[in-house]
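Asks:
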Amino acid sequence: MPKSRVAEQFTGWGFVTPGVAVILLFGLVPIVWSAIMSFQQNNLLNGRTPFVGLRNYRQMVHDPVVASAIGHTLTYTALFVPGTMLVGLFLAVAMNRKIRFISVYRTAAYATMAISTISEALVFIWLFDPSYGIVNYAFHLVGIPQQQFLNSPSEALFVIVAMTIWGWTGFAVVIYLAALQGVPSGLIEAAAIDGAGPWRTFRKVTLPLLSPASLFLAVWLTINALQLFDEVYLSTQGGPLHATTVLVYYLYFQAFQNFNFGYASAIAYFLFVVIIVITAIQFRVGRRFTYYRS
Amino acid sequence: MTATTLVRSRSRWRRLPFSPWHLVLVPATLVLAFPFIWLVLTSLETPSEALHFPPLLTPHVLKLSNYPAAWHSAPFGRFFINSAAVAVTTVVSNLLLCSLAGYAFARLRFLGRGLLFVAIMATLMVPFQVTMIPQFIITKWLGVHVLAGVGIDHIGALILPNAATAFGVFFLRQFFRTLPIEYEESARVDGASRLAVLWKIVLPLSAPALATLAALTFLDSWNSFLWPLIAVTSTNQMTIPLGLATFQGAHSTEWPLLMAGNVMSLTPMLVIFFVAQRYFVRSVAATGLAGT
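Respectively, the protein sequence lines represent chains A and B. For what it's worth, numbering that gives the first Met the number 0 labels the leading residue of the first sequence as 0, then goes sequentially. For what it's worth, numbering that gives the first Met the number 0 labels the leading residue of the second sequence as 0, then goes sequentially.
Laid out in structure tokens, this is it:
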């Protein structure tokens, strides 16, 4: 081996070692470790960690809270993802033009990106306060009776959907605006010359050209929706009556309130599988409807 | 919009002295901005005004004293310093470590390169919830046995696990590979070391990618909640989101006080965001375009 090649070996290892060490120690090792832990009875309160085979997974299947948490997580995802995409698409189309004050409009949407989930949840708890909140007042004005919102098992999840859609609006607008700016104006003009109206042009030309952005958003938002935690923690703590207990909230509860690390790891791996399966389906189905120009 | 549709829509809206899109965008913007507006208004009310029904659309007297009251009932100053320290350190360390690793993966040939890269990529797909429990145990162990206290319940615990990220390494490697290799080769012929090539040639050419990584890392670190919630329990080690959540727990129905605390909590990031809006927007758009 020539001398320079040997030197390159050392340089290469020298360059990657600090970064790779961090990623392996806090990324890869934990992946393996929590897989092992999911087959152990690992309770922080007593030091022993005996292997118990599939017991944690079996417990999960029979745990009614897990079943309802899966339901809440999927319901939330099914509402949040299309909701955010529609709001984002609508606003991006409206903002994709050079008119007066456009930067004001855009900035108002972008600003939601800078807000932490905790700040966002805190404002929305106040907006939706059952007794003094402005939303109930607005309802009152149009003749809808007072609602319990976050205190109501049948409504709490919808309030969380509303606050997270607001929080993600900026992100969706940025993605769609960037994609819209890549739509060649020549194609739109050609469609109009062929006699297509604005709505038809949007549906038949613009929307297909936006499909890669839509697929990206669908996947990205779904991954985040399945990991919903912060807003639930701050606003309802999983209640009332477990109505907003989503998977990650239950996992957190088992791990850091009950210190059931083994059981929590099993739930975490289950979540991982759910994310992989749903993402794979999205790519499969999405590819059929996605139009790539290149 | 085309010439023909423009003419048609113009004739239809001829009586309007402005674009009809304003009729959509003004209400939409009001809805988007309303939580902000209401937040600020409530933060200036007295407790009895906040608990008035129907809600008062404007406070009778501006009660600015809610702000000092909030400032004194929780160590917000400390939260800011902690958040800034964590975010800045995380950004700097990511730029440094991910540049080094990304450059080596992009340009250098060394034993185990492929295997290491695959190992790193594997961690990209795994959600944080899978790794957080062992990460907690490892951080705790390091704090007790290796790093003399820089472990659980120390802001160091918020920096260390994110000091380098698989995303950062991957993102910079991809960018470095798009750069023309000729500059680097001629510098090598002139006797420059690899480190000098990276520092003097590659990194200056990579300013847009570095800015993107910095913006995304900063935003992530500043707003992160779950890991700080697990890793930190002492008030003086908390970052803003965790501090704000704790503040809410202690004052759950004192709305003006809570909203004053909330305004103070979100203002720094909002200001940074407005100042560098172009960078943030471009960075987020880049992740979307890279994904499509």
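Glycine included, each C-beta is placed from N, C-alpha and C at the ideal position.
Could you tell me whether the stretch 210-220 of chain B touches the stretch 55-67 of chain B, using the rule of 3 or more Cβ pairs below 8 Å?
Replies: no
Asks: Quick check on threonine 291(B): does DSSP put it in helix, strand or coil?
Replies: As a working note, residue 291(B) is residue 292 in the second sequence. A caution first: threonine 291(B) carries a pLDDT of 49, below 50, which makes its placement in the model unreliable, though a value can still be read off. Of the three classes helix, strand and coil, the one that applies to threonine 291(B) here is coil, per DSSP.
Asks: List the DSSP bridge partners of phenylalanine 50(A).
Replies: As a first step, residue 50(A) is located in the first sequence; it is residue number 51 there, counting from the start. BP columns for phenylalanine 50(A) point to Gln39(A).
Asks: For tyrosine 104(A) and proline 211(A), which I take to be in contact (beta-carbon distance under 8 Å), what is that distance rounded to the nearest angstrom?
Replies: Position 105 of the first sequence holds residue 104(A). Position 212 of the first sequence holds residue 211(A). Not really, about 25 Å apart at Cβ, beyond 8 Å.
Asks: Bridge partners for asparagine 235(B) per DSSP, in chain order?
Replies: In the second sequence, counting from the first residue as 1, residue 235(B) sits at position 236. Per DSSP, none; premise fails for asparagine 235(B).
Asks: Could you tell me the distance, in whole angstroms, from the CA atom of glycine 287(B) to the CA atom of phenylalanine 215(A)?
Replies: If you number the second sequence from 1, residue 287(B) lands on position 288. If you number the first sequence from 1, residue 215(A) lands on position 216. Computed Cα separation, rounded: 7 Å.
Asks: Report all residues from its chain with a CB closer than 6 Å to the CB of glutamine 145(A); omit the five preceding and five following residues, and keep chain order.
Replies: For this step, residue 145(A) is matched to residue 146 along the first sequence. Cβ neighbours of glutamine 145(A) beyond the five flanking positions: Asn135.
Asks: Go ahead and pull the three-state DSSP assignment for threonine 1(B).
Replies: The residue you call residue 1(B) lines up with position 2 of the second sequence. Per-residue confidence for threonine 1(B) stands at a pLDDT of 45, beneath the threshold of 50, marking its modelled position as unreliable; the derived number appears in the next sentence. Coil, per DSSP.
Asks: So, valine 201(B) versus glycine 26(A), is the Cβ gap smaller than 9 Å?
Replies: Looking up residue 201(B) in the second sequence gives position 202. Looking up residue 26(A) in the first sequence gives position 27. It is not a contact, given that the beta carbons lie outside the stated cut-off.
Asks: Quick one: any contact between the stretch 116-133 of chain A and the stretch 176-186 of chain A, if contact means 3 or more CB pairs under 8 Å?
Replies: no
Asks: From phenylalanine 35(B) to glycine 242(B), what does the alpha carbon distance come to, in whole angstroms?
Replies: Mapped onto the second sequence, residue 35(B) falls at position 36. Mapped onto the second sequence, residue 242(B) falls at position 243. Approximately 20 Å between the Cα atoms of the pair.
Asks: Inspect the CB distances between the stretch 238-253 of chain B and the stretch 113-128 of chain B and report whether three or more fall short of 8 Å.
Replies: no
Asks: Taking glycine 185(A) as the reference, which of Gly237(A), Val122(A), Val204(A) has the closest Cα?
Replies: Here residue 185(A) corresponds to residue number 186 of the first sequence, with the count starting at 1. It is Val204(A).
Asks: Pull up the distance between the alpha-carbon of isoleucine 294(A) and that of alanine 242(A), whole angstroms please.
Replies: This structure leaves residue 294(A) out entirely; chain A is present only between 0 and 293.
Asks: Given this structure, state the Cα-to-Cα distance separating methionine 268(B) from methionine 59(A), to the nearest angstrom.
Replies: In the second sequence, residue 268(B) corresponds to position 269, counting from 1. In the first sequence, residue 59(A) corresponds to position 60, counting from 1. So the two alpha carbons sit approximately 40 Å from each other.
Asks: Rounded to whole angstroms, what's the CA-CA distance from glutamate 188(A) to threonine 200(A)? Just pull it up for me.
Replies: Your numbering for residue 188(A) matches position 189 in the first sequence. Your numbering for residue 200(A) matches position 201 in the first sequence. Taking the straight line from one Cα to the other gives about 9 Å.
Asks: What do you get for asparagine 257(A), buried or exposed, if any count of 16 or more other CB atoms within 10 angstroms of its CB means buried?
Replies: Looking up residue 257(A) in the first sequence gives position 258. It counts as exposed.
Asks: For leucine 40(B) and asparagine 65(B), I'd like the C-alpha separation in whole angstroms.
Replies: The residue you call residue 40(B) lines up with position 41 of the second sequence. The residue you call residue 65(B) lines up with position 66 of the second sequence. So the two alpha carbons sit approximately 12 Å from each other.
Asks: Report yes if the CB atom of valine 273(A) is closer than 9 Å to the CB atom of alanine 68(A), and no otherwise.
Replies: Looking up residue 273(A) in the first sequence gives position 274. Looking up residue 68(A) in the first sequence gives position 69. No, the Cβ-Cβ distance between valine 273(A) and alanine 68(A) is not below 9 Å.
Asks: Once the 5 residues before and after asparagine 161(B) are set aside, which same chain residues still bring their CB inside 6 Å of it?
Replies: By one-based count along the second sequence, residue 161(B) stands at place 162. For asparagine 161(B), the CB contacts under 6 Å within the same chain, skipping 5 residues up- and downstream, are Thr89 in chain order.
Asks: What beta strand (DSSP E) runs, 3 residues minimum, are completely inside the stretch 166-218 of chain A?
Replies: none
Asks: Assuming histidine 59(B) is part of the alpha helix (DSSP H), what are its boundary residues?
Replies: Locating residue 59(B) in the second sequence gives position 60, where the first residue counts as 1. It is not in any alpha helix (DSSP H) - histidine 59(B) carries neither H nor E in the DSSP assignment.
Asks: Cα separation between serine 153(A) and proline 239(A)?
Replies: Taking the first sequence and counting its residues from 1, the one referred to as residue 153(A) is at position 154. Taking the first sequence and counting its residues from 1, the one referred to as residue 239(A) is at position 240. When rounded, the distance between both Cα atoms is 9 Å.
Asks: Between the stretch 270-288 of chain B and the stretch 94-102 of chain B, do at least 3 Cβ pairs fall closer than 8 Å?
Replies: The stretch 270-288 of chain B, when compared against the stretch 94-102 of chain B, does not touch it at the 8 Å Cβ threshold.
Asks: Taking Cβ positions only, does tyrosine 56(A) come closer than 9 Å to chain B?
Replies: As a first step, residue 56(A) is located in the first sequence; it is residue number 57 there, counting from the start. It does not; no Cβ of chain B falls within 9 Å.
Asks: Within 9 Å (strictly less), CB to CB, does arginine 96(A) reach chain B?
Replies: Here residue 96(A) corresponds to residue number 97 of the first sequence, with the count starting at 1. Output row for arginine 96(A): interface = yes.
Asks: For asparagine 261(B), which three-state DSSP category applies?
Replies: Within the second sequence, numbered from 1, the residue matching residue 261(B) stands at position 262. Three-state DSSP puts asparagine 261(B) in a helix.
Asks: At a CB-CB cut-off below 7 Å, which residues of chain B make contact with glycine 18(A)?
Replies: Against the first sequence, residue 18(A) aligns to sequence position 19. Simply Leu96, Cys97, Leu99, Ala100, Ala163, Val168.
Asks: For histidine 71(B), which of His250(B), Ala105(B), Leu159(B), Ala83(B) has the nearest alpha-carbon?
Replies: The residue given as residue 71(B) occupies position 72 in the second sequence. Answer by Cα proximity: His250(B).
Asks: Considering only residues of the same chain and omitting the five flanking positions on each side of proline 227(B), which have a CB-CB separation below 8 Å?
Replies: Position 228 of the second sequence, counted from the start, is the residue given in the question as residue 227(B). Answer for proline 227(B): Leu157, Met237, Thr238, Pro240, Leu241, listed in chain order.
Asks: Per DSSP, what kind of secondary structure is asparagine 257(A) in: helix, strand or coil?
Replies: By one-based count along the first sequence, residue 257(A) stands at place 258. Of the three classes helix, strand and coil, the one that applies to asparagine 257(A) here is coil, per DSSP.
Asks: What residue does the alpha helix (DSSP H) around proline 227(B) start on, and which one ends it?
Replies: Position 228 of the second sequence, counted from the first residue, corresponds to residue 227(B). From DSSP, the alpha helix (DSSP H) with proline 227(B) extends over 225-230.
Asks: Beta-carbon of phenylalanine 17(B) versus every beta-carbon of chain A: anything under 9 Å?
Replies: Numbered from its first residue, the second sequence carries residue 17(B) at position 18. At least one chain A Cβ lies under 9 Å of phenylalanine 17(B).
Asks: Do you know how far the Cα of tryptophan 198(A) is from the Cα of alanine 191(A)?
Replies: Numbered from its first residue, the first sequence carries residue 191(A) at position 192. Numbered from its first residue, the first sequence carries residue 198(A) at position 199. Going by the C-alpha atoms only, they are around 11 Å apart.
Asks: Please state the DSSP three-state secondary structure of tyrosine 248(A).
Replies: The sequence position of residue 248(A) within the first sequence is 249, counting from 1. Helix.
Asks: What is the rounded straight-line gap between the Cα of arginine 99(A) and the Cα of valine 168(B)?
Replies: To locate residue 99(A), count along the first sequence from 1; it is residue 100. To locate residue 168(B), count along the second sequence from 1; it is residue 169. Their Cα atoms are separated by approximately 41 Å.
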